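First the structure, in the form of C-alpha coordinates, and then the observations on it.
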Amino acid sequence: MKVFGYFCAGANTKWGLEHPDLSYGIPSNPHIPYTTQYLDYLCASIDDAIKKNGIDGIFVDWLWNPGATMEPYPPLKWLACEQVMFQELMNQPFPGKDKITPDIELQFRRKAIDRCWKKIKATTTKANPDCLIWLTSCQLTSKDIAGSDMLKEVDWVLNEAGDIATTEAVRSGLGKHTRLVTCLANWNGQDPVKVIPAAIKENVGLYGFTKPVIGSLMPPVDYYLSKSIDSLKGDERNVAVLVRAYNHLPFDYVKK
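Spelled out as C-alpha coordinates, the structure:
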(Lines of atoms letter the chains of each structure in order from A and count residues from 1; the text may use other names and numbers.)
(Lines give C-alpha, C1' and ligand atoms only; values in the text may rest on other atoms or scores of the structure.)
Protein backbone atom coordinates (compact mmCIF):
# COMPACT_ATOMS: atom_id res chain seq x y z
CA MET A 1 0.00 0.00 0.00
CA LYS A 2 1.39 3.39 -0.99
CA VAL A 3 1.35 6.21 1.55
CA PHE A 4 0.69 9.78 0.41
CA GLY A 5 1.09 13.07 2.22
CA TYR A 6 -1.85 15.47 1.76
CA PHE A 7 -1.26 19.11 0.79
CA CYS A 8 -4.07 21.59 0.23
CA ALA A 9 -2.36 24.11 -2.02
CA GLY A 10 -5.07 26.76 -2.15
CA ALA A 11 -6.13 26.94 1.49
CA ASN A 12 -4.20 26.98 4.76
CA THR A 13 -5.69 28.51 7.91
CA LYS A 14 -2.28 28.94 9.56
CA TRP A 15 -0.96 30.85 6.56
CA GLY A 16 -4.05 33.06 6.36
CA LEU A 17 -3.86 33.97 10.05
CA GLU A 18 -0.14 34.70 10.01
CA HIS A 19 -0.09 36.49 6.63
CA PRO A 20 -3.34 38.46 6.26
CA ASP A 21 -1.76 40.63 3.58
CA LEU A 22 -1.05 37.51 1.49
CA SER A 23 -4.48 35.93 1.78
CA TYR A 24 -8.17 36.56 1.10
CA GLY A 25 -8.86 35.70 4.75
CA ILE A 26 -9.48 32.14 5.89
CA PRO A 27 -12.74 31.01 4.27
CA SER A 28 -13.41 27.32 3.72
CA ASN A 29 -12.49 27.60 0.05
CA PRO A 30 -9.27 28.56 -1.80
CA HIS A 31 -7.99 31.85 -0.40
CA ILE A 32 -4.23 32.01 -1.06
CA PRO A 33 -2.57 33.89 -3.95
CA TYR A 34 0.45 31.90 -5.15
CA THR A 35 3.06 34.48 -4.20
CA THR A 36 6.72 33.53 -4.14
CA GLN A 37 6.57 33.74 -0.33
CA TYR A 38 3.75 31.23 -0.15
CA LEU A 39 5.29 28.88 -2.72
CA ASP A 40 8.52 28.83 -0.70
CA TYR A 41 6.48 27.91 2.41
CA LEU A 42 4.40 25.25 0.65
CA CYS A 43 7.38 23.62 -1.03
CA ALA A 44 9.48 23.66 2.14
CA SER A 45 6.62 21.74 3.79
CA ILE A 46 6.53 19.23 0.92
CA ASP A 47 10.32 18.78 1.00
CA ASP A 48 10.25 18.27 4.77
CA ALA A 49 7.47 15.68 4.60
CA ILE A 50 9.13 13.64 1.85
CA LYS A 51 12.56 13.59 3.50
CA LYS A 52 11.40 12.94 7.07
CA ASN A 53 8.60 10.47 6.41
CA GLY A 54 9.69 8.59 3.30
CA ILE A 55 6.21 8.89 1.79
CA ASP A 56 5.53 7.35 -1.61
CA GLY A 57 3.75 10.39 -2.96
CA ILE A 58 2.08 13.72 -2.30
CA PHE A 59 -1.63 14.28 -2.79
CA VAL A 60 -2.24 17.86 -3.94
CA ASP A 61 -5.72 19.32 -3.47
CA TRP A 62 -7.31 22.67 -4.35
CA LEU A 63 -4.62 23.86 -6.71
CA TRP A 64 -6.87 26.81 -7.55
CA ASN A 65 -6.69 30.57 -7.53
CA PRO A 66 -8.32 32.44 -4.62
CA GLY A 67 -12.10 32.29 -4.57
CA ALA A 68 -12.29 29.41 -7.04
CA THR A 69 -14.79 26.74 -6.14
CA MET A 70 -17.01 26.06 -9.13
CA GLU A 71 -17.11 28.06 -12.36
CA PRO A 72 -17.96 30.84 -12.98
CA TYR A 73 -15.34 32.12 -10.55
CA PRO A 74 -15.58 35.53 -8.87
CA PRO A 75 -12.97 38.05 -10.11
CA LEU A 76 -9.69 38.30 -8.25
CA LYS A 77 -9.39 41.03 -5.61
CA TRP A 78 -5.99 42.17 -6.87
CA LEU A 79 -4.36 42.55 -3.48
CA ALA A 80 -1.03 44.34 -3.40
CA CYS A 81 0.73 40.95 -3.42
CA GLU A 82 -1.22 39.92 -6.54
CA GLN A 83 -0.14 43.11 -8.26
CA VAL A 84 3.45 42.07 -7.60
CA MET A 85 2.63 38.62 -8.98
CA PHE A 86 1.18 40.26 -12.08
CA GLN A 87 4.50 41.93 -12.87
CA GLU A 88 6.39 38.69 -12.23
CA LEU A 89 4.10 36.50 -14.33
CA MET A 90 2.99 38.85 -17.09
CA ASN A 91 6.33 40.68 -17.51
CA GLN A 92 4.69 44.10 -17.33
CA PRO A 93 3.59 46.52 -14.61
CA PHE A 94 0.14 46.05 -13.10
CA PRO A 95 -2.14 48.26 -15.25
CA GLY A 96 -4.77 49.00 -12.60
CA LYS A 97 -7.91 47.08 -11.71
CA ASP A 98 -10.01 48.96 -14.25
CA LYS A 99 -7.72 47.76 -17.06
CA ILE A 100 -8.01 44.06 -16.23
CA THR A 101 -10.15 42.31 -18.85
CA PRO A 102 -11.49 38.75 -18.46
CA ASP A 103 -8.87 37.55 -20.96
CA ILE A 104 -6.01 39.19 -19.06
CA GLU A 105 -7.25 37.74 -15.78
CA LEU A 106 -7.50 34.27 -17.30
CA GLN A 107 -3.92 34.50 -18.57
CA PHE A 108 -2.80 35.52 -15.10
CA ARG A 109 -4.79 32.76 -13.39
CA ARG A 110 -3.27 30.11 -15.66
CA LYS A 111 0.25 31.43 -15.19
CA ALA A 112 -0.17 31.51 -11.39
CA ILE A 113 -1.25 27.88 -11.31
CA ASP A 114 1.49 26.88 -13.73
CA ARG A 115 4.20 28.52 -11.60
CA CYS A 116 2.85 26.81 -8.49
CA TRP A 117 2.77 23.45 -10.24
CA LYS A 118 6.29 23.73 -11.60
CA LYS A 119 7.67 24.61 -8.17
CA ILE A 120 5.83 21.67 -6.57
CA LYS A 121 7.12 19.31 -9.26
CA ALA A 122 10.72 20.53 -9.01
CA THR A 123 10.67 20.31 -5.20
CA THR A 124 9.21 16.80 -5.18
CA THR A 125 11.59 15.49 -7.83
CA LYS A 126 14.62 16.92 -6.04
CA ALA A 127 13.56 15.47 -2.68
CA ASN A 128 12.85 12.03 -4.16
CA PRO A 129 12.73 11.36 -7.93
CA ASP A 130 10.49 8.33 -7.31
CA CYS A 131 7.91 10.27 -5.26
CA LEU A 132 4.55 10.37 -7.05
CA ILE A 133 2.45 13.50 -7.41
CA TRP A 134 -1.29 12.91 -7.28
CA LEU A 135 -3.47 15.85 -8.26
CA THR A 136 -7.15 15.96 -7.35
CA SER A 137 -9.54 18.32 -9.10
CA CYS A 138 -13.31 18.71 -9.09
CA GLN A 139 -13.10 20.70 -12.34
CA LEU A 140 -10.62 19.11 -14.71
CA THR A 141 -12.14 20.96 -17.67
CA SER A 142 -11.80 24.40 -16.02
CA LYS A 143 -10.30 27.14 -18.22
CA ASP A 144 -7.74 27.72 -15.47
CA ILE A 145 -6.09 24.33 -16.08
CA ALA A 146 -7.41 22.83 -19.33
CA GLY A 147 -4.53 21.95 -21.65
CA SER A 148 -1.97 22.83 -18.97
CA ASP A 149 1.51 21.34 -18.55
CA MET A 150 0.34 20.22 -15.11
CA LEU A 151 -2.19 17.76 -16.55
CA LYS A 152 0.43 16.43 -18.96
CA GLU A 153 3.18 16.05 -16.35
CA VAL A 154 1.42 14.86 -13.17
CA ASP A 155 1.72 11.17 -12.24
CA TRP A 156 -1.87 10.56 -11.12
CA VAL A 157 -4.90 12.78 -11.62
CA LEU A 158 -8.25 12.37 -9.88
CA ASN A 159 -11.54 13.49 -11.39
CA GLU A 160 -13.09 14.32 -8.04
CA ALA A 161 -16.41 15.20 -9.71
CA GLY A 162 -16.54 11.51 -10.61
CA ASP A 163 -18.70 11.88 -13.72
CA ILE A 164 -18.01 9.62 -16.67
CA ALA A 165 -18.19 12.47 -19.21
CA THR A 166 -15.35 14.47 -17.60
CA THR A 167 -13.24 11.38 -17.06
CA GLU A 168 -13.46 10.62 -20.77
CA ALA A 169 -13.08 14.26 -21.88
CA VAL A 170 -9.73 14.83 -20.15
CA ARG A 171 -7.98 11.70 -21.41
CA SER A 172 -6.51 13.37 -24.48
CA GLY A 173 -5.01 16.18 -22.39
CA LEU A 174 -3.08 13.92 -20.02
CA GLY A 175 0.48 12.70 -20.29
CA LYS A 176 1.15 9.20 -21.63
CA HIS A 177 2.33 8.11 -18.19
CA THR A 178 -0.46 9.84 -16.22
CA ARG A 179 -2.75 7.52 -14.27
CA LEU A 180 -6.39 8.65 -14.47
CA VAL A 181 -8.53 8.01 -11.38
CA THR A 182 -12.21 8.69 -10.75
CA CYS A 183 -13.95 9.42 -7.48
CA LEU A 184 -16.97 8.34 -5.49
CA ALA A 185 -18.03 10.62 -2.65
CA ASN A 186 -21.35 11.74 -1.28
CA TRP A 187 -20.87 15.34 -2.43
CA ASN A 188 -20.55 14.55 -6.15
CA GLY A 189 -23.77 12.53 -6.38
CA GLN A 190 -22.48 9.94 -8.84
CA ASP A 191 -24.09 6.51 -9.18
CA PRO A 192 -21.46 3.89 -8.28
CA VAL A 193 -23.36 1.20 -10.19
CA LYS A 194 -22.65 3.18 -13.38
CA VAL A 195 -19.29 4.79 -12.58
CA ILE A 196 -17.44 1.72 -11.34
CA PRO A 197 -18.06 -0.64 -14.30
CA ALA A 198 -17.24 2.19 -16.73
CA ALA A 199 -13.98 2.89 -14.90
CA ILE A 200 -12.95 -0.77 -14.83
CA LYS A 201 -13.72 -1.14 -18.53
CA GLU A 202 -11.55 1.87 -19.41
CA ASN A 203 -8.71 1.03 -16.96
CA VAL A 204 -9.47 4.08 -14.82
CA GLY A 205 -8.50 3.90 -11.14
CA LEU A 206 -11.14 3.98 -8.38
CA TYR A 207 -11.02 6.16 -5.31
CA GLY A 208 -13.50 7.13 -2.63
CA PHE A 209 -13.57 9.08 0.60
CA THR A 210 -16.00 9.59 3.45
CA LYS A 211 -16.07 10.57 7.11
CA PRO A 212 -15.72 7.86 9.79
CA VAL A 213 -18.99 6.98 11.50
CA ILE A 214 -17.85 4.85 14.44
CA GLY A 215 -15.44 7.10 16.29
CA SER A 216 -12.42 7.15 13.97
CA LEU A 217 -13.49 4.00 12.13
CA MET A 218 -15.87 2.72 9.48
CA PRO A 219 -18.18 -0.30 9.83
CA PRO A 220 -16.56 -3.67 8.99
CA VAL A 221 -16.65 -4.97 5.44
CA ASP A 222 -19.32 -7.52 6.38
CA TYR A 223 -21.70 -4.65 7.18
CA TYR A 224 -21.66 -3.56 3.55
CA LEU A 225 -21.72 -7.09 2.14
CA SER A 226 -24.64 -8.21 4.30
CA LYS A 227 -26.95 -5.51 2.88
CA SER A 228 -28.23 -5.11 -0.64
CA ILE A 229 -26.89 -2.12 -2.54
CA ASP A 230 -30.39 -0.77 -3.14
CA SER A 231 -31.07 -0.66 0.60
CA LEU A 232 -28.20 1.78 1.17
CA LYS A 233 -27.86 5.49 0.37
CA GLY A 234 -25.12 8.08 -0.01
CA ASP A 235 -21.60 7.08 0.94
CA GLU A 236 -22.77 3.75 2.38
CA ARG A 237 -23.98 2.80 -1.11
CA ASN A 238 -20.69 3.98 -2.64
CA VAL A 239 -18.68 1.88 -0.19
CA ALA A 240 -20.92 -1.16 -0.68
CA VAL A 241 -20.39 -1.11 -4.45
CA LEU A 242 -16.64 -0.51 -4.07
CA VAL A 243 -16.36 -3.44 -1.64
CA ARG A 244 -17.99 -5.75 -4.17
CA ALA A 245 -15.86 -4.43 -7.03
CA TYR A 246 -12.60 -4.85 -5.10
CA ASN A 247 -13.59 -8.40 -4.11
CA HIS A 248 -14.73 -9.33 -7.65
CA LEU A 249 -18.30 -9.94 -6.46
CA PRO A 250 -21.47 -9.20 -8.44
CA PHE A 251 -23.32 -6.08 -7.36
CA ASP A 252 -26.39 -8.12 -6.34
CA TYR A 253 -24.31 -10.26 -3.94
CA VAL A 254 -25.58 -10.30 -0.35
CA LYS A 255 -23.67 -12.22 2.30
CA LYS A 256 -25.88 -14.59 4.32
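Per this note's numbering, the sequence shown starts with residue 376, numbered consecutively.
Ideal Cβ positions, reconstructed from N, Cα and C, are used throughout, including at glycine.
Treat the numbers as computed from the prediction; the structure is a model and nothing was measured.
Buried or exposed for I425, please, with buried defined as at least 16 other CB atoms from any protein chain shown within 10 angstroms of its CB. Here the question's residue 425 lines up with position 50 in the sequence shown. Looking at its Cβ environment, which holds 16 or more other Cβ atoms inside 10 Å, I425 is buried.
Indicate the three-state DSSP secondary structure (helix, strand or coil) for N417 in the structure shown. As a first step, residue 417 is located in the sequence shown; it is residue number 42 there, counting from the start. According to the sequence displayed, residue 417 carries Leu and not Asn. Helix.
Candidates V614, I433, G609 and I479: closest to N563 by CA position: Taking the sequence shown and counting its residues from 1, one reaches residue 563 at position 188. Checked all of V614, I433, G609 and I479; the closest Cα to N563 is G609.
Quick one: what's W509 bridged to in DSSP? Here residue 509 refers to the residue found at position 134 when the sequence shown is read from its first residue. Answer is F434 and W531.
With burial defined as no fewer than 16 other Cβ atoms inside 10 Å of the residue's Cβ, what is the status of P405: buried or exposed? Here residue 405 refers to the residue found at position 30 when the sequence shown is read from its first residue. So P405 counts as buried.
Helix, strand or coil for Y448 per DSSP? Indexing the sequence shown from 1 puts residue 448 at position 73. Note: Y448 maps to coil in three-state DSSP.
Any idea which residues DSSP pairs T499 with across the strands? To locate residue 499, count along the sequence shown from 1; it is residue 124. Beta-bridge partners assigned by DSSP to T499: none are found.
Verify whether the separation of the beta carbon atoms of F626 and I604 is less than 9 Å. Indexing the sequence shown from 1 puts residue 626 at position 251. Indexing the sequence shown from 1 puts residue 604 at position 229. Cβ atoms of F626 and I604: closer than 9 Å.
Proximity winner among F434, G432 and W439, relative to T410 (alpha-carbon distances): Residue numbering aside, residue 410 sits at position 35 when the sequence shown is read from its first letter. Across the set F434, G432 and W439, the C-alpha of W439 shows the shortest separation from the C-alpha of T410.
Could you tell me how far apart the beta carbons of M319 and I488 are, in whole angstroms, since I believe they sit closer than 8 Å? Limits of the chain in this structure are 376 at one end and 631 at the other, which puts residue 319 out of reach.
Give me, in chain order, the residues of the same chain whose beta-carbon lies closer than 8 Å to that of A455; leave out the 5 immediate sequence neighbours on both sides. Along the sequence shown, one-based indexing puts residue 455 at 80. So the list reads D396, once near-sequence residues are dropped.
For V556, count neighbouring C-beta atoms within 10 Å of its own C-beta (all shown protein chains included) and say buried if the count is 16 or more, exposed if not. Walking along the sequence shown from the start, residue 556 turns up at place 181. V556 comes out buried.
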